[in-house]
Amino acid sequence: MIKFTNVNKWFGDHQVLKDITLEISRGEVVVICGPSGAGKSTLIRTINKLEPIDQGEIIVDGFNLMDPKTDLTALRAEIGMVFQHFNLYPHRTALKNIMLAPQKVRGLSKKKATERSLELLKKVGLAHKSDAYPIQLSGGEQQRVAIARSLAMEPRIMLFDEPTSALDPELINEVLDVMTSLAREGMTMIVITHEMGFARSVANRIIFMDNGEILEIGGTLDMFTKPKHQRTREFMSKVLHIPVANNNHEDKPEEGG
Amino acid sequence: MDFLIEQFGNWKFYLIGAYPKGPLGGLSINIAIALLCMIISFFIGAIFGMGRLSCRRYISYPCIIYIEFVRATPALLLVFWFFLFIPSVLGTNISLFWSSVIALSIYSTAYQAEIVRGGILAVPRGQMEAALSSGMTRFQAARTVILPQAFRMMLPSFVSFFISLFKETSVIYIIGVIDLTQAGVIISQRQPDRMFASYLCMAIGFFVVCFSMSRVAKTLEKKVGILDLSSYRPTVCRTDLSLYPRGRGKSAA
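Protein chains in written order, with this note's numbering: chain P, 1 to 257; chain W, 1001 to 1253.
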């Protein structure tokens, strides 16, 4: 469904994506992790062309992103995106945040858009907050509204750019629950996150990136228990708070998890 | 206090000049010109402000040149220059009133353009990204997401610019319009020993209008709802970012 072929991208002299080749199929949930500055965000932002690439080819759901004739708005309407800082429209209520794109892009009538938006708010457990402005919502609630806003376009792919890293620890689960149920419904999802519990329960594959490269791709269990790359091992042991099976670390005592 | 009461006997001249026998003047002409200029330059300024942000150089460069040129020119000069320029080029005479309106509109357009530009730039990038990624075109995003937020943020700047424009309108005396300052000067010359009193009256006139305007603006801002900028930021950071977090000192451990 999404196919990267030898994708390269530079910011000035700095190469942020190095020869990325990757294929993601329909219904798959892929988690991307890696240290900051690894190019994770840039990678998923190329999928809806918020970031253009310099070399290579990306084909998303039949759209060739390098073709200048590609209808970007039509492509973006099929791809939902959820941001780290929510990016809700602060001058509109929760309901109106969700209604906007279906009305403007899909041309839904006000009545139909309202109906669908209320349904989605219910789905994320916020039906009672439909008239609240973003400022009146907690971080977790804002992010759930943002997810509902993306779902209102009935996308075929959902991109999540660190959806929980700006949240209070206590609010993370409510967002992850919504994402988990979405994954169970068969949505194609690409998620940048360091929530390994979430990755363990829903991800089909984990991608580890460092320095603009994909260092390792593997099944969820493999990546947790026997990552091949030394760099992946170090990173995993840090995010999991335990030394991952690694000969060099065997004699050390386990750190608190 | 007698001298002030004596001055207030001339209130009609301060407020409307020689009207209805002569041309309109006094405080009312300052208000009329400031209002007209504000409205005209709001629309043209919005176009120039957005034009300056355009990524197409043949649009942005002319806007930059216009804005920078006008901002580097005193209003007084513009008023005087237009007064001489229009009759000599168009060959027709134009009333002093409209000549000053055109000149001051051109002057304030440049400033309003900068306010509009600042307001648009103050909307976080994520807003445009969120709108684009939901499939909206740039135009739709600008109209429904960016500009409504930008205008709310611009409101205080508009008000303060309007107040300074209102005071700036006193430069129209140079072409012979009898505005509030000029009316005061005329009265003061009738009684040179009471000069300070008429200058005090002018100050009162300007103060009353400016002060009530900033009061009106305050309530307007509350009504329209200036955006709380913290709503752009994640909740966790809200207390971290403020200089004096709530509860500081109480729970110092």
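We put the CB at the ideal spot given by N, CA and C, even for glycine.
Where residue i falls, given that 16 or more other Cβ within 10 Å makes a residue buried
| i | result |
| --- | --- |
| Ile1047/W | exposed |
| Cys1037/W | buried |
| Thr1092/W | exposed |
| His91/P | buried |
| Gln142/P | buried |
| Leu1090/W | exposed |
| Glu1006/W | exposed |
| Arg149/P | buried |
| Arg1125/W | exposed |
| Glu115/P | exposed |
| Asp13/P | exposed |
| Tyr1061/W | exposed |
| Thr1219/W | exposed |
| Phe1069/W | exposed |
| Ser1054/W | exposed |
| Asp161/P | buried |
| Thr225/P | exposed |
| Leu221/P | exposed |
CA nearest to the CA of residue i, picked from the options
| i | options | result |
| --- | --- | --- |
| Lys1167/W | Gln1149/W, Leu1220/W, Leu1015/W and Ile1031/W | Ile1031/W |
| Arg86/P | Leu151/P, Glu28/P, Lys226/P and Ala166/P | Per the sequence shown, residue 86/P should be read as Phe rather than Arg. Nearest of Leu151/P, Glu28/P, Lys226/P and Ala166/P to Phe86/P, Cα basis: Ala166/P. |
| Val105/P | Asn97/P, Ala74/P and Met236/P | Ala74/P |
| Ala1197/W | Thr1181/W, Lys1021/W and Ser1214/W | Thr1181/W |
| Arg205/P | Lys111/P, Leu17/P, Gly62/P and Ile192/P | Ile192/P |
| Asp19/P | Val239/P, Glu213/P and Leu240/P | Glu213/P |
| Glu28/P | Met223/P, Gly218/P, Phe198/P and Met189/P | Met189/P |
| Ile1120/W | Gly1051/W, Val1159/W, Gly1026/W and Lys1021/W | Gly1051/W |
| Met158/P | Val31/P, Leu22/P and Thr5/P | Val31/P |
| Thr1004/W | Ala1203/W, Lys1222/W and Leu1220/W | The sequence shown places Leu at residue 1004/W, rather than the Thr named in the question. The shortest Cα separation from Leu1004/W among Ala1203/W, Lys1222/W and Leu1220/W belongs to Ala1203/W. |
| Met1136/W | Gln103/P, Ile207/P, Tyr133/P and Ala183/P | Gln103/P |
| Ala1075/W | Ile1146/W, Ala1034/W and Gly1049/W | Ala1034/W |
| Val16/P | Glu23/P, Phe4/P, Gly37/P and Arg26/P | Gly37/P |
| Thr180/P | Gly34/P, Glu195/P and Arg156/P | Glu195/P |
| Val1079/W | Arg1190/W, Val1177/W and Thr1144/W | Val1177/W |
| Tyr1019/W | Val1209/W, Val1208/W, Glu1068/W and Asp1179/W | Asp1179/W |
| Phe1042/W | Glu1129/W, Lys1222/W, Ile1106/W and Val1208/W | Ile1106/W |
| Ile1044/W | Tyr1061/W, Tyr1058/W, Met1153/W and Tyr1066/W | Tyr1066/W |
| Gly197/P | Thr164/P, Arg233/P and Pro35/P | Thr164/P |
| Leu1077/W | Gln1189/W, Phe1206/W and Ile1174/W | Ile1174/W |
| Val1145/W | Met1153/W, Ala1131/W and Arg1152/W | Ala1131/W |
| Lys111/P | Phe63/P, Leu95/P and Leu65/P | Leu95/P |
| Ala77/P | Glu1129/W, Cys1201/W, Asp1002/W and Ala1217/W | Glu1129/W |
| Gln55/P | Glu234/P, Phe4/P, Lys129/P and Asp168/P | Phe4/P |
DSSP state of residue i mapped onto helix, strand, coil
| i | result |
| --- | --- |
| Ile207/P | strand |
| Lys18/P | strand |
| Asp168/P | coil |
| Asp13/P | coil |
| Phe1123/W | In the sequence as presented, Phe is not what sits at residue 1123/W; that position holds Val. Coil. |
| Val145/P | helix |
| Ile302/P | No answer is possible for residue 302/P: the residues shown for chain P start at 1 and end at 257. |
| Cys1210/W | helix |
| Val1185/W | helix |
| Glu28/P | coil |
| Asn6/P | strand |
| Glu1006/W | helix |
| Arg1190/W | helix |
| Asp161/P | strand |
| Ile1033/W | helix |
| Ile1102/W | helix |
| Asp222/P | helix |
| Leu137/P | coil |
| Glu23/P | strand |
| Cys1055/W | coil |
| Gly1026/W | strand |
| Leu126/P | coil |
| Glu119/P | helix |
| Ile1094/W | coil |
| Leu240/P | helix |
| Asp1179/W | strand |
Minimum Cβ-Cβ distance from residue i to chain C less than 7 angstroms
| i | result |
| --- | --- |
| Ser1134/W | No chain C appears in the structure shown, which is made up of the protein chains P and W. |
Distance cut-off 6 angstroms: residue i Cβ against heavy atoms of the ligand NAD
| i | result |
| --- | --- |
| Met223/P | Absence of the ligand NAD from the depicted structure is noted, as is the absence of any ligand whatsoever, leaving it without description. |
### Message
Under 8 angstroms: do the segment 65-73 of chain P and the segment 165-182 of chain P share three or more Cβ pairs, one atom per stretch?
### Response
Result no; under three Cβ-Cβ pairs closer than 8 angstroms.
### Task
Counting only runs of 4+ residues fully inside the segment 47-96 of chain P, write out the alpha helix (DSSP H) ranges in chain order.
If we require 4 residues or more, the alpha helix (DSSP H) runs fully inside the segment 47-96 of chain P come out as 72-77.
### Query
Is there contact between the segment 47-55 of chain P and the segment 1-10 of chain P, where contact requires at least three CB pairs shorter than 8 angstroms?
With the cut-off at 8 angstroms, the segment 47-55 of chain P and the segment 1-10 of chain P touch.
### Message
Does the structure place the segment 142-157 of chain P close enough to the segment 120-127 of chain P that three or more beta carbon pairs sit under 8 angstroms?
### Response
The segment 120-127 of chain P, when compared against the segment 142-157 of chain P, does touch it at the 8 angstroms Cβ threshold.
### Message
When you compare the segment 223-242 of chain P with the segment 1153-1164 of chain W, are there three or more beta-carbon pairs, one atom per stretch, that lie closer than 8 angstroms?
### Response
Not touching, per the Cβ criterion.
### Query
Hey, is the segment 1169-1189 of chain W in contact with the segment 1011-1018 of chain W, meaning 3+ C-beta pairs nearer than 8 angstroms?
In short, these stretches touch, since the Cβ pair count reaches three.
#### Entry: Stretch-stretch touch, CB-based, cutoff 8 angstroms, three pairs: the segment 1078-1086 of chain W with the segment 1096-1104 of chain W
Counting Cβ pairs under 8 angstroms, three or more are found: they touch.
### Query
Three or more C-beta pairs closer than 8 angstroms, one from the segment 1108-1126 of chain W and one from the segment 1139-1159 of chain W: is that the case here?
Because the criterion of three Cβ pairs below 8 angstroms is met, the segment 1108-1126 of chain W and the segment 1139-1159 of chain W touch.
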